[in-house]
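A short write-up of the structure that comes next.
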Amino acid sequence: MAGVAGGNDFQWCFSQVKGAIDEDVAEADIISTVEFNHSGEFLATGDKGGRVVIFQHEQECKNRPHLRGEYNVYSTFQSHEPEFDYLKSLEIEEKINKIRWLPQQNSAHFLLSTNDKTIKLWKISERDKRAEGYNLKDEDGRLRDPFRITSLRVPVLMPMDLMVEASPRRVFANAHTYHINSISVNSDHQTYLSADDLRINLWHLEITDRSFNIVDIKPANMEELTEVITAAECQPNQCNVFVYSSSKGTIRLCDMRAAALCDRHTKFFEEPEDPSSRSFFSEIISSISDVKFSHSGRYMMTRDYLSVKVWDLNMENRPVETYQVHEYLRSKLCSLYENDCIFDKFECCWNGSDSAIMTGSYNNFFRMFDRNTRKDITLEASRESSKPRGTLKPRKVSTGGKRKKDEISVDSLDFNKKILHTAWHPKENVIAVAATNNLYIFQDKIN
Amino acid sequence: MFPKGTKRKFSDSGDEPAAGGEDVNQPSSVAVRMLSSYSLQRQSLLDMSLIKLQLCHMLVEPNLCRSVLIANTVRQIQEEMTQDGTWQIMTQALSAANAAAQCSADRLVATEVLCRQTEATQGEQVLKPFPAVGSEGCPAEEEEEVVVEEEGEGGPQPPTCQAPLAWTPAGKRKMDSRTAEQVFGTFEIKNPAPSPDPALEELFSDVDASYYDLDTVLTGMQSAPKMGPYDLLESLSSHGPSPLSSSTSCRSDLNELDHIMEIIVGS
Numbered sequence: 012m013a014g015v016a017g018g019n020d021f022q023w024c025f026s027q028v029k030g031a032i033d034e035d036v037a038e039a040d041i042i043s044t045v046e047f048n049h050s051g052e053f054l055a056t057g058d059k060g061g062r063v064v065i066f067q068h069e070q071e072c073k074n075r076p077h078l079r080g081e082y083n084v085y086s087t088f089q090s091h092e093p094e095f096d097y098l099k100s101l102e103i104e105e106k107i108n109k110i111r112w113l114p115q116q117n118s119a120h121f122l123l124s125t126n127d128k129t130i131k132l133w134k135i136s137e138r139d140k141r142a143e144g145y146n147l148k149d150e151d152g153r154l155r156d157p158f159r160i161t162s163l164r165v166p167v168l169m170p171m172d173l174m175v176e177a178s179p180r181r182v183f184a185n186a187h188t189y190h191i192n193s194i195s196v197n198s199d200h201q202t203y204l205s206a207d208d209l210r211i212n213l214w215h216l217e218i219t220d221r222s223f224n225i226v227d228i229k230p231a232n233m234e235e236l237t238e239v240i241t242a243a244e245c246q247p248n249q250c251n252v253f254v255y256s257s258s259k260g261t262i263r264l265c266d267m268r269a270a271a272l273c274d275r276h277t278k279f280f281e282e283p284e285d286p287s288s289r290s291f292f293s294e295i296i297s298s299i300s301d302v303k304f305s306h307s308g309r310y311m312m313t314r315d316y317l318s319v320k321v322w323d324l325n326m327e328n329r330p331v332e333t334y335q336v337h338e339y340l341r342s343k344l345c346s347l348y349e350n351d352c353i354f355d356k357f358e359c360c361w362n363g364s365d366s367a368i369m370t371g372s373y374n375n376f377f378r379m380f381d382r383n384t385r386k387d388i389t390l391e392a393s394r395e396s397s398k399p400r401g402t403l404k405p406r407k408v409s410t411g412g413k414r415k416k417d418e419i420s421v422d423s424l425d426f427n428k429k430i431l432h433t434a435w436h437p438k439e440n441v442i443a444v445a446a447t448n449n450l451y452i453f454q455d456k457i458n
Numbered sequence: 212m213f214p215k216g217t218k219r220k221f222s223d224s225g226d227e228p229a230a231g232g233e234d235v236n237q238p239s240s241v242a243v244r245m246l247s248s249y250s251l252q253r254q255s256l257l258d259m260s261l262i263k264l265q266l267c268h269m270l271v272e273p274n275l276c277r278s279v280l281i282a283n284t285v286r287q288i289q290e291e292m293t294q295d296g297t298w299q300i301m302t303q304a305l306s307a308a309n310a311a312a313q314c315s316a317d318r319l320v321a322t323e324v325l326c327r328q329t330e331a332t333q334g335e336q337v338l339k340p341f342p343a344v345g346s347e348g349c350p351a352e353e354e355e356e357v358v359v360e361e362e363g364e365g366g367p368q369p370p371t372c373q374a375p376l377a378w379t380p381a382g383k384r385k386m387d388s389r390t391a392e393q394v395f396g397t398f399e400i401k402n403p404a405p406s407p408d409p410a411l412e413e414l415f416s417d418v419d420a421s422y423y424d425l426d427t428v429l430t431g432m433q434s435a436p437k438m439g440p441y442d443l444l445e446s447l448s449s450h451g452p453s454p455l456s457s458s459t460s461c462r463s464d465l466n467e468l469d470h471i472m473e474i475i476v477g478s
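Same order as they appear, the protein sequences are chains A and B.
Count the first sequence with the numbering used here and you get residues 12 to 458, in order.
Count the second sequence with the numbering used here and you get residues 212 to 478, in order.
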């Protein structure tokens, strides 16, 4: 697959943007997760208001083959509602933390969506036929008088306008004391794991009243708590293997065959700290906000505050690749600590062939790294730089004293415009970027 | 007593001299020299972290990961300060502060900060920084304490207090059955919150110092009205050395408690 930056490589073009244009962003509309399904035909987003919106990739127009199809709304439903925990006198946010699709097994589509406490399995199915010609009732549903029926007929299926229904099939509740940060479907397609700050549970998709606790790092004395779980994922081809990352910048790989409780890791990934760059913020910026296996399952990628690292599962003592996302922020860590931006949790993603990775930054910038050519590019998701099918212009942040034309200085960055969630189509070069309440879709120009 | 100093933004690693010269009240040069730029920054970071742990969202559980990271930062600073001896200096200075505060119990006071005029920064407008420290001359040697009433930047907030906190020196962990539950414990079981009370007397009286531990800070779940951060940050305190008069070690816990209270109670 060609690289990500310029030349005869990709040229990323604006395709679509979804969401309101207003300057005033309603908190409930802020997108909190983005996920393509396994074929890439569907794109799901979750927001802070507990809603899930699913977009479907329309077929390409026959007349205009140079244009890839667009993503249009397929289904919208309210997945989670706000709740109140009476025991603690606290609200439970309805914000959707993660969506994960199940592999498709029949004509319906299934996905898991979760807020801080409860995971739900949703079935999204289409209905485009309706039975007509019932004997016992009229077309409008009224019962017919049996004595008036003089002949029998067989109901026939007639086409109707496509209706997409979303129905909750399972609710997996009351298993997490702390806030759920990750869910991951296992490769056996029967189980999945859910992780909160201190525990990881393994569920069977058919069973909602029980789950197995497989990791528990809660100390007996909570005063001794110094580390929490930040993300977890199942290995894509080995159903017994999963990893979880921590707030201290470590990743533990566990094998469920080893023990029922996987508190003892099988592998422990940690990069030794560089003593010359140690500061009071070292631990905070080492906290891993996302971990993702490559599609091949051989590598995994972690995102901490300033960088993305690619790890070979066979080498625990350091990553094989490190990419700086926004190193210019290193001198601003104190301010970022003050305004809490240092705690922002950025996600990262692989492309379909694992040759490129993408992650977000501030000022609505997002970054892509080509693992083969080592080239990187910074692009912006904004209405101003989005002309229909226009090529995105690479952006640059100036770090030195002299600011070149078209560069933006670090002090001018808007830290309220953060791109935390991005997704890459599993097969094509189509990406979805969530910028607060807007969803941008970019495609490469088909030459 | 002392006029307000210029509000400074928290300095990052590119320190610049104060714009506009020095304050009217020249701090004691000895006190200024005592604390280096690094120590001042470290103290600011400590104060900021304590504030962050205190401010909590009323209705929604605070983020455990964030709380843990801030608490670890606080511990790190505390350990370093203990190692180079500034911790002891600070706690001794606080005892004097407590003596002063006790005398004026009916007035809510904020303890002023050592002048930080060498640490002023400009810029950073984009990040909307807190005015991390008020800067005031603080002739710590002669006087017991400098007390200044400061107004919050936001609307006036009721100077309520959450359950007071104390800062125990490293290694001196107060353990009792209540503290064992406290740290992050409200994530499982919420403790009934003490009702906030603006009167200073009630803040400092009937304090069971052992209850308040560093780790109590970490719960951040004491229910109290949300305080404007600008109010609290006005009163961050850092103390130069001051002659000890009456404080004894047995009162040190209460003194630390008071220190934290003064941070919280801004005006």
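C-beta atoms are modelled at their ideal positions from N, C-alpha and C, and glycine is treated no differently.
Computed from a predicted model, the values in this text were never measured in an experiment.
Check	Outcome
Our contact map puts A434 of chain A next to V45 of chain A with C-beta atoms below 8 Å; I'd like the distance itself, whole angstroms only.	4 Å
Is there at least one Cβ from chain B nearer than 9 Å to T237 of chain A's Cβ?	yes
Which residue comes first and which comes last in the alpha helix (DSSP H) that contains A446 of chain A?	Unbroken run through A446 of chain A is the beta strand (DSSP E), 441 to 446; no alpha helix (DSSP H).
Straight-line CA distance for K109 of chain A to F47 of chain A?	12 Å
Can you have a look at M171 of chain A and say buried or exposed, based on whether 16 or more other CB atoms are within 10 angstroms of its CB?	exposed
Is the CB-CB distance between K320 of chain A and E332 of chain A below 9 Å?	yes
Who are the neighbours of Q287 of chain B on chain A, taking C-beta pairs under 8 Å?	F291, E294
Just verifying my parser: in three-state terms, what is the DSSP assignment at Q89 of chain A?	strand
Establish whether the CB of L101 of chain A and some CB of chain B are separated by less than 9 Å.	yes
If we define contact as Cβ-Cβ less than 9 Å, is T284 of chain B a contact residue for chain A?	yes
If we cut at 9 Å on Cβ distances, does F377 of chain A have a partner in chain B?	no
Taking any Cβ of chain A, which residues in the region 247 to 267 of chain B have a Cβ under 7 Å from it, in chain order?	L256, M259
Using the three-state DSSP reduction, which class does P286 of chain A fall into: helix, strand or coil?	helix
Considering only the alpha carbon of each residue, which of A:L154, A:Q70, A:I41, A:T188 lies closest to A60 of chain A?	The amino acid occupying residue 60 of chain A in the given sequence is Gly; Ala does not appear at that position. When only C-alpha atoms are compared, the closest one is A:I41.
Tell me, please, whether the CB atom of H432 of chain A is closer than 9 Å to any CB atom in chain B?	no
Kindly identify the DSSP beta-bridge partner or partners of K404 of chain A.	Answer is none; K404 of chain A lacks a bridge partner.
D481 of chain B: buried (16+ other C-beta within 10 angstroms of its C-beta) or exposed?	Outside the displayed range of chain B (212 to 478) lies residue 481 of chain B, so it cannot be described from this structure.
If you reduce the DSSP assignment to three classes, tell me which class C273 of chain A lands in.	coil
Is the CB-CB distance between F376 of chain A and R414 of chain A below 9 Å?	no
What are the start and end residues of the beta strand (DSSP E) that includes T44 of chain A?	42 to 47
In chain order, what are the residue ranges of uninterrupted beta strand (DSSP E) at least 3 long that sit wholly in the region 110 to 175 of chain A?	120 to 125, 130 to 143
Where in the region 301 to 342 of chain A do unbroken runs of the alpha helix (DSSP H), each at least 4 residues long, occur, reported from the N-terminal end onward?	none
Beta-carbon within less than 6 Å of A184 of chain A's beta-carbon, same chain only, minus the 5 sequence neighbours each way: which residues are those?	T129
Which one or two residues does DSSP pair with H215 of chain A in a beta bridge?	A:T202
With a cut-off of 8 Å on the beta carbons, I'd call F132 of chain A and V196 of chain A a contact; round off their distance for me.	Here residue 132 of chain A turns out to be Leu, not Phe, going by the sequence shown. Their Cβ separation, rounded to whole angstroms, is 10 Å, which puts L132 of chain A and V196 of chain A out of contact at 8 Å.
For chain B, find out if any of its Cβ atoms is closer than 9 Å to the Cβ of F354 of chain A; answer yes or no.	yes
Applying the 10 Å Cβ sphere with the 16-neighbour rule, what's the burial state of D408 of chain B?	Any answer about D408 of chain B is weak, because its pLDDT of 47 lies below 50 and its placement is not dependable; what the coordinates show is given next. Per the 10 Å Cβ criterion, exposed.
By the criterion of Cβ-Cβ separation under 8 Å, what are the contact partners of E290 of chain B in chain A?	Under the 8 Å cutoff, chain A gives no residues; its nearest Cβ is about 11 Å from E290 of chain B.
For a test of the three-state rule: what should DSSP assign to S346 of chain A, helix, strand or coil?	helix
Can the beta-carbon of K29 of chain A be found closer than 9 Å to that of I452 of chain A?	yes
T353 of chain A and I299 of chain A: beta carbons closer than 9 Å?	The sequence as given places Ile at residue 353 of chain A; Thr does not occur at that position. No, the pair does not count as a contact, with Cβ atoms beyond the cut-off.
Spell out whether any CB of chain A is found under 9 Å from the CB atom of L275 of chain B.	yes
Please report the distance separating the alpha-carbon of E294 of chain A from that of Q89 of chain A.	38 Å
How should Q454 of chain A be labelled, buried or exposed, when 16 other C-beta atoms within 10 angstroms of its C-beta is the threshold for buried?	buried
Give a yes or no on whether 9 Å exceeds the smallest Cβ distance from E170 of chain B to chain A.	This structure does not reach residue 170 of chain B, given that chain B is present from 212 up to 478, and the question cannot be answered.
Taking all protein chains shown into account, decide if L168 of chain A is buried (16 or more other Cβ within 10 angstroms of its Cβ) or exposed.	exposed
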